[in-house]
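Q:
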Amino acid sequence: MSHAVDAIPLVLSPRFTEADGQAAFDEWGANCGPGALAAVACVSLDDIRSHMGDFESKGYTNPMLMCAALDSLGVRWWRVRREWPRYGLVRVQWEGPWTAAGVPQRARYRYTHWIGTAEVDGDCGIFDINCMNNGTGWVSERDWSDTIAPVLAGQHMRASGGWHVTHGIEVRP
Numbered sequence: 039m040s041h042a043v044d045a046i047p048l049v050l051s052p053r054f055t056e057a058d059g060q061a062a063f064d065e066w067g068a069n070c071g072p073g074a075l076a077a078v079a080c081v082s083l084d085d086i087r088s089h090m091g092d093f094e095s096k097g098y099t100n101p102m103l104m105c106a107a108l109d110s111l112g113v114r115w116w117r118v119r120r121e122w123p124r125y126g127l128v129r130v131q132w133e134g135p136w137t138a139a140g141v142p143q144r145a146r147y148r149y150t151h152w153i154g155t156a157e158v159d160g161d162c163g164i165f166d167i168n169c170m171n172n173g174t175g176w177v178s179e180r181d182w183s184d185t186i187a188p189v190l191a192g193q194h195m196r197a198s199g200g201w202h203v204t205h206g207i208e209v210r211p
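Here the sequence shown is numbered in this note's numbering, starting from 39 and rising by one per residue.
See the structure below:
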C-alpha cells in the first residue's frame with residue numbers, strides 16, 4: 039500500500055484532484071505526461087492543456103513535447119544525468135521485448151511513463167497521477183519502486199517487470 043509523502047511541502051500539492059484528473063482524461067485524454075507536468079509546474083490540468091502541442095491527437099508525451107510544453111509554460115528546466123532530479127520530471131521506460139538490442143527506439147515509446155520527483159530532507163518523493171487516490175499523488179520513492187511501478191509495468195503484455203529512467207528533467211517553476 040502506498041502512502042502520501044508527509045514531508046512534501048503543501049506548495050507541492052497538485053492543483054488538481056483525482057476527479058479533475060478523471061475529467062481531463064475523459065475530455066481530452068490527459069494521462070501521465072500532462073499529470074506529471076501539471077503537478078511539477080504547480081498548475082491545474084486545464085492550465086496546461088493549451089501548452090501540450092499535439093498531445094490530444096497523439097495521446098502521449100514524448101520528450102520533445104514535454105520540453106516544448108515546459109518552454110511554453112515559461113518554466114526553467116534542464117536535463118540531468120542522475121536518475122532522480124531534485125525537483126522535476128522523469129520519463130520511465132517499461133522493459134520488455136521492445137527494449138531488446140536491435141529494436142528501434144521508436145518501438146519503445148508506447149511503453150513509457152512520466153512521473154514527478156521532489157527531494158525533501160534527503161528523501162525522494164514521486165508524483166504519479168495513478169496515485170491520486172491518496173489525496174496528493176505523491177508517494178515515497180520506495181513505495182513507487184516496490185509497489186506502483188510493478189503494477190503499472192504489468193499492464194503491458196510481455197513486460198518483464200523491469201524499468202529504467204530514460205530522461206531526467208530538473209525544473210525550477
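Where a beta carbon is used, it is the ideal one built from N, C-alpha and C, also for glycine.
1. From what residue to what residue does the alpha helix (DSSP H) around Gly-59 run?
2. Taking the straight line between their C-alpha atoms, what separation do you get for Cys-169 and Pro-52?
3. What's the C-alpha gap between Ala-106 and Asp-159?
4. What runs of the beta strand (DSSP E), each 3 residues or longer, lie entirely inside the segment 115-157?
5. By a C-beta neighbour count over all protein chains shown, 10 Å radius and 16 as the cutoff for buried, is Met-102 buried or exposed?
6. Using CA atoms only, rank isn't needed, just tell me which of Leu-108, Tyr-149, Val-203, Gly-175 is closest to Met-195.
7. Tell me the rounded alpha-carbon separation between Arg-210 and Gly-126.
8. Are the CB atoms of Trp-122 and Cys-162 within a distance shorter than 7 angstroms?
9. Kindly indicate the opening and closing residues of the beta strand (DSSP E) around Ser-178.
10. Using the beta-carbon count (16 or more within 10 Å), is Pro-188 buried or exposed?
11. Looking only at C-alpha atoms, which of Ser-82, Ala-79, Asp-84, Ser-110 sits nearest to Gly-212?
12. Considering only the beta carbon of each residue, do Thr-155 and Ile-164 sit closer than 7 angstroms?
13. Beta carbon of Trp-201, beta carbon of Cys-70: below 7 angstroms?
14. Nearest-angstrom Cα distance between Asp-64 and Arg-129?
A: In this structure, then:
1. To locate residue 59, count along the sequence shown from 1; it is residue 21. It spans 56-66 - the alpha helix (DSSP H) in which Gly-59 sits, taken as one unbroken run.
2. Taking the sequence shown and counting its residues from 1, the one referred to as residue 169 is at position 131. Taking the sequence shown and counting its residues from 1, the one referred to as residue 52 is at position 14. One C-alpha to the other measures close to 12 angstroms.
3. Position 68 of the sequence shown, counting from 1, holds the residue named residue 106. Position 121 of the sequence shown, counting from 1, holds the residue named residue 159. So the two alpha carbons sit approximately 31 angstroms from each other.
4. 125-132
5. As a working mapping, residue 102 is identified with position 64 in the sequence shown. Exposed, by the Cβ-count rule.
6. In the sequence shown, residue 195 corresponds to position 157, counting from 1. Selected option, being the one with the closest Cα: Tyr-149.
7. The residue you call residue 210 lines up with position 172 of the sequence shown. The residue you call residue 126 lines up with position 88 of the sequence shown. Going from the Cα of Arg-210 to the Cα of Gly-126 covers about 8 angstroms.
8. Along the sequence shown, one-based indexing puts residue 162 at 124. Along the sequence shown, one-based indexing puts residue 122 at 84. For Cys-162 and Trp-122, yes; Cβs fall inside 7 angstroms.
9. Counted from its first residue, the sequence shown places residue 178 at position 140. Segment 176-178, the beta strand (DSSP E) holding Ser-178.
10. Residue mapping note: residue 188 aligns to position 150 of the sequence shown, counting from 1. Looking at its Cβ environment, which holds fewer than 16 other Cβ atoms inside 10 Å, Pro-188 is exposed.
11. In the structure as shown, the chain starts at 39 and stops at 211, and residue 212 therefore has no counterpart that could be examined.
12. On the sequence shown, position 117 is the one that residue 155 refers to. On the sequence shown, position 126 is the one that residue 164 refers to. Their beta carbons are under 7 angstroms apart, which means Thr-155 touches Ile-164 by this criterion.
13. The sequence position of residue 201 within the sequence shown is 163, counting from 1. The sequence position of residue 70 within the sequence shown is 32, counting from 1. No; because the gap between Cβ atoms is not below 7 angstroms, this pair is not in contact.
14. Numbered from its first residue, the sequence shown carries residue 64 at position 26. Numbered from its first residue, the sequence shown carries residue 129 at position 91. Near 23 angstroms, if we compare the C-alpha coordinates of Arg-129 and Asp-64.
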